[in-house]
Amino acid sequence: MRSFALTCEVLSRLDSIEGKVQCAAAYLISRPIDEVSLAARFLSGSPLPHGTPPSRVGAASISEVVGEQCGLSPTAVRRRAVTKGDLGTAVEILFEAASPPNTDASGNLTLNHVARKIAELGVYSTEGRAQRLRQLYVSADPLEAKYLTKLLVGSLRTGMQASRVEEAIALAFNEPLEKVRRAHMLIGDIGEVTERAWHHKLTNIRLRPFRPVHCMLAHPAADTTEILKHLALPAIAESKLDGIRAQLHVYRGQCRQYARSLEEVTHLFPELNIAVEILDDDWILDGEIVAWQEGPLAFEKLQQRLGRRQVPLTMLLDIPVVYHAFDVLRASGQDLIDEPLSARKQVLETVPNVGAVRRIDHESITTPDAVGTLLETAFKTGHEGVIFKDPKSTYYPGSRGRAWLKLKRPLGTLDVVVTAAQYGRGNRAGWLSDMTFAISSQDGKLVDIGKAYSGLTHSEIRTLTEHFKATTSKRSGDVHVVQPTVVLEVAFGGIQRSNRYASGFALRFPRIVRQRKDLGLRDIDDVQQLEHLYKTEKGRRPA
Numbered sequence: 015m016r017s018f019a020l021t022c023e024v025l026s027r028l029d030s031i032e033g034k035v036q037c038a039a040a041y042l043i044s045r046p047i048d049e050v051s052l053a054a055r056f057l058s059g060s061p062l063p064h065g066t067p068p069s070r071v072g073a074a075s076i077s078e079v080v081g082e083q084c085g086l087s088p089t090a091v092r093r094r095a096v097t098k099g100d101l102g103t104a105v106e107i108l109f110e111a112a113s114p115p116n117t118d119a120s121g122n123l124t125l126n127h128v129a130r131k132i133a134e135l136g137v138y139s140t141e142g143r144a145q146r147l148r149q150l151y152v153s154a155d156p157l158e159a160k161y162l163t164k165l166l167v168g169s170l171r172t173g174m175q176a177s178r179v180e181e182a183i184a185l186a187f188n189e190p191l192e193k194v195r196r197a198h199m200l201i202g203d204i205g206e207v208t209e210r211a212w213h214h215k216l217t218n219i220r221l222r223p224f225r226p227v228h229c230m231l232a233h234p235a236a237d238t239t240e241i242l243k244h245l246a247l248p249a250i251a252e253s254k255l256d257g258i259r260a261q262l263h264v265y266r267g268q269c270r271q272y273a274r275s276l277e278e279v280t281h282l283f284p285e286l287n288i289a290v291e292i293l294d295d296d297w298i299l300d301g302e303i304v305a306w307q308e309g310p311l312a313f314e315k316l317q318q319r320l321g322r323r324q325v326p327l328t329m330l331l332d333i334p335v336v337y338h339a340f341d342v343l344r345a346s347g348q349d350l351i352d353e354p355l356s357a358r359k360q361v362l363e364t365v366p367n368v369g370a371v372r373r374i375d376h377e378s379i380t381t382p383d384a385v386g387t388l389l390e391t392a393f394k395t396g397h398e399g400v401i402f403k404d405p406k407s408t409y410y411p412g413s414r415g416r417a418w419l420k421l422k423r424p425l426g427t428l429d430v431v432v433t434a435a436q437y438g439r440g441n442r443a444g445w446l447s448d449m450t451f452a453i454s455s456q457d458g459k460l461v462d463i464g465k466a467y468s469g470l471t472h473s474e475i476r477t478l479t480e481h482f483k484a485t486t487s488k489r490s491g492d493v494h495v496v497q498p499t500v501v502l503e504v505a506f507g508g509i510q511r512s513n514r515y516a517s518g519f520a521l522r523f524p525r526i527v528r529q530r531k532d533l534g535l536r537d538i539d540d541v542q543q544l545e546h547l548y549k550t551e552k553g554r555r556p557a
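In structure tokens, the structure reads:
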């Protein structure tokens, strides 16, 4: 673990991508075979292989354990994290300042030991997790504690995203980068890819049932002009449904579903087990799980079924779902991802529409006028938009290229006022970049509707931070409640009913478009405007 922590420290200080890749490659080469897969996973910031239960450890649990070890309250630990903008850095400083120092730390914490303990965190109760956290931290020196913390909270921030780790693997073991990337694309586990590269066994890799791969994604298009610019006609077009993306695997009498994050969600959708009755053995479909009752229901309905350990029978009956398949990656044991989409669609046509498993209808678009007509039809029938696809495109897991383009229903923007600002993390550390915003209620009060941090430049954030500090009326931890003087224009991906905010609504995927210095508090939008947008959106899709 010491070597890993030192490597991360160097990586975080290197500016050039080439330097980072060379540093990571040198680290991988230095690892013995029984550690090399773990080393790659750790570098990517995901210490556990796919299928391992999540650690379920957050900043609160870490703050409590670190506080015990350093003689501080959890609140004091979190306060230090706020001032540093990063919990890992705060933990390092606290370990260095601990009196007496952490004499139990040997500096010999191994990757295998850390990986084993992190895996155990996901299967134990609260007290069991705390005990294993203590065992990890008591054996860590300050630098190890820093990067252990960063791993646990999923915020390594060394600039080594998956593509850079792939480059490091290729460099370390003298393998072609494309072979490494394809192997990772099909296996989905950077650790297994590294071990195969160590043995020079990166060929003849196939999809495997119950081992999901990352989804191929559609690139957002601004308008029909962009669609026609990047896609030659004829093109395949299908409605974009408002649900959750999921792969459906059928093998040896079992059916399992995996979300876009690769997390298994089978227990949430038992009605999809009907797939084992309608498909031959060894299939992998790609599609969308949608709340459906004689048509699409609002996404908020589907959300009620998510994040549960078990879905009650009443909810299964009240909020039924349908799996809408739009692609097939594997059929009867044969990989199809290298086949053109037109051929994959022909195979998909052999899947019968039975019960909760159906195919998404698609059309062949041959004229520019048909693009606009199809969009209008999709909006009127309650769908999010339309996805246009190149019929010659192969399926490339994890990519977001222009072989697939999506055009969503425009919802407009809202003018809102900032009511609170919170310190950010990473490159926003030390700046009040995370802003809660509100609109006006019917009686003139401000009611919050969301929170956003993306869209402004670093310069704008720095200027606003000084303004927020000067106009803070109340402070709670790292949150500044501010006077309502800053007006923003925000865009969003949707509107949903929510008990989280006093307005009764919440914006989905809000993004700051710009600061409106020309507007004041009296100019912001109100709940009536928000309700109008909500009803307009809802009118396009059944509730």
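When the sequence shown is numbered by my numbering, its final residue is 557 and no position is left out of the sequence of numbers. Cβ coordinates follow ideal geometry from the N, Cα and C atoms, glycine included.
Consult DSSP for residue i and reduce its assignment to one of helix, strand or coil.
{"i": "Q36", "result": "helix"}
{"i": "R554", "result": "The predicted model places R554 with a pLDDT of 49, which falls under 50 and marks its position as unreliable; any figure quoted below should be read in that light. Coil, per DSSP."}
{"i": "Q542", "result": "helix"}
{"i": "C269", "result": "strand"}
{"i": "F402", "result": "strand"}
{"i": "I298", "result": "strand"}
{"i": "E252", "result": "strand"}
{"i": "W418", "result": "strand"}
{"i": "I43", "result": "helix"}
{"i": "K558", "result": "What the structure shows of the chain is the stretch from 15 to 557, and residue 558 is not part of that stretch, so it cannot be assessed."}
{"i": "A466", "result": "strand"}
From residue i to residue j, what distance separates their C-alpha atoms?
{"i": "G458", "j": "V527", "result": "25 Å"}
{"i": "V264", "j": "R373", "result": "16 Å"}
{"i": "E32", "j": "V432", "result": "41 Å"}
{"i": "R93", "j": "A305", "result": "42 Å"}
{"i": "D300", "j": "L200", "result": "14 Å"}
{"i": "T364", "j": "Q271", "result": "20 Å"}
{"i": "I509", "j": "A232", "result": "22 Å"}
{"i": "Q436", "j": "L185", "result": "41 Å"}
{"i": "W418", "j": "L521", "result": "26 Å"}
{"i": "A39", "j": "I183", "result": "6 Å"}
{"i": "E291", "j": "N126", "result": "42 Å"}
{"i": "G347", "j": "I288", "result": "19 Å"}
{"i": "G173", "j": "T391", "result": "43 Å"}
{"i": "L320", "j": "A339", "result": "20 Å"}
{"i": "A273", "j": "Q261", "result": "7 Å"}
{"i": "G205", "j": "W297", "result": "25 Å"}
{"i": "T239", "j": "V504", "result": "24 Å"}
{"i": "T280", "j": "I107", "result": "43 Å"}
{"i": "N122", "j": "L470", "result": "44 Å"}
{"i": "D539", "j": "R530", "result": "13 Å"}
{"i": "A452", "j": "V461", "result": "5 Å"}
{"i": "A557", "j": "A312", "result": "For A557, the pLDDT reaches just 47, beneath the cut-off of 50, and the residue's location in the model is therefore unreliable, although a value from the coordinates is still provided. Using only the alpha carbons, I get a separation of about 5 Å."}
{"i": "G142", "j": "L157", "result": "25 Å"}
{"i": "R266", "j": "G426", "result": "48 Å"}
{"i": "T518", "j": "E353", "result": "For clarity, residue 518 is Gly in the given sequence; the question names Thr instead. Approximately 47 Å between the Cα atoms of the pair."}
{"i": "A74", "j": "T408", "result": "44 Å"}
{"i": "T217", "j": "L276", "result": "23 Å"}
Taking residue i as the reference, give the member of the options with the closest Cα.
{"i": "A19", "options": "L162, L150, I107, S58", "result": "L162"}
{"i": "A466", "options": "R178, E390, G438", "result": "G438"}
{"i": "I463", "options": "L62, S356, S512", "result": "S512"}
{"i": "R178", "options": "L25, A484, A435", "result": "L25"}
{"i": "T124", "options": "K359, C37, Q149, A520", "result": "Q149"}
{"i": "V493", "options": "R476, S447, S468", "result": "S447"}
{"i": "V128", "options": "I76, I107, G59, M15", "result": "M15"}
{"i": "A95", "options": "Q542, D155, G491", "result": "G491"}
{"i": "A357", "options": "A345, V368, N367, P366", "result": "A345"}
Does the separation of the CB atoms of residue i and residue j fall below 7 Å?
{"i": "P61", "j": "R70", "result": "no"}
{"i": "V495", "j": "T485", "result": "no"}
{"i": "L355", "j": "P405", "result": "yes"}
{"i": "R525", "j": "S454", "result": "no"}
{"i": "D375", "j": "L533", "result": "no"}
{"i": "H228", "j": "P411", "result": "yes"}
{"i": "V105", "j": "V137", "result": "no"}
{"i": "G507", "j": "F482", "result": "no"}
{"i": "L14", "j": "V342", "result": "The structure shown does not extend to residue 14, since the chain spans only 15 to 557, so no value can be given for it."}
{"i": "G102", "j": "K164", "result": "yes"}
{"i": "L147", "j": "G59", "result": "no"}
{"i": "M12", "j": "S413", "result": "The shown model of the chain, from 15 to 557, leaves out residue 12, and the question about it has no answer."}
Do residue i and the ligand FAD come close, with the Cβ less than 6 Å from some heavy atom?
{"i": "Y272", "result": "Because no ligand of any kind appears in the structure shown, any question about the ligand FAD cannot be addressed here."}
Taking one C-beta from the region 218-228 and one from the region 378-398 each time, how about it: are there three or more such pairs within less than 8 Å? Judged by Cβ distances under 8 Å, the region 218-228 makes no contact with the region 378-398, as fewer than three pairs qualify.
Three or more C-beta pairs closer than 8 Å, one from the region 319-329 and one from the region 395-410: is that the case here? With fewer than three CB-CB distances shorter than 8 Å, the region 319-329 does not count as touching the region 395-410.
Three or more C-beta pairs closer than 8 Å, one from the region 229-246 and one from the region 82-91: is that the case here? Short answer: they don't touch.
When you compare the region 207-219 with the region 42-53, are there three or more beta-carbon pairs, one atom per stretch, that lie closer than 8 Å? Verdict: yes, contact present.
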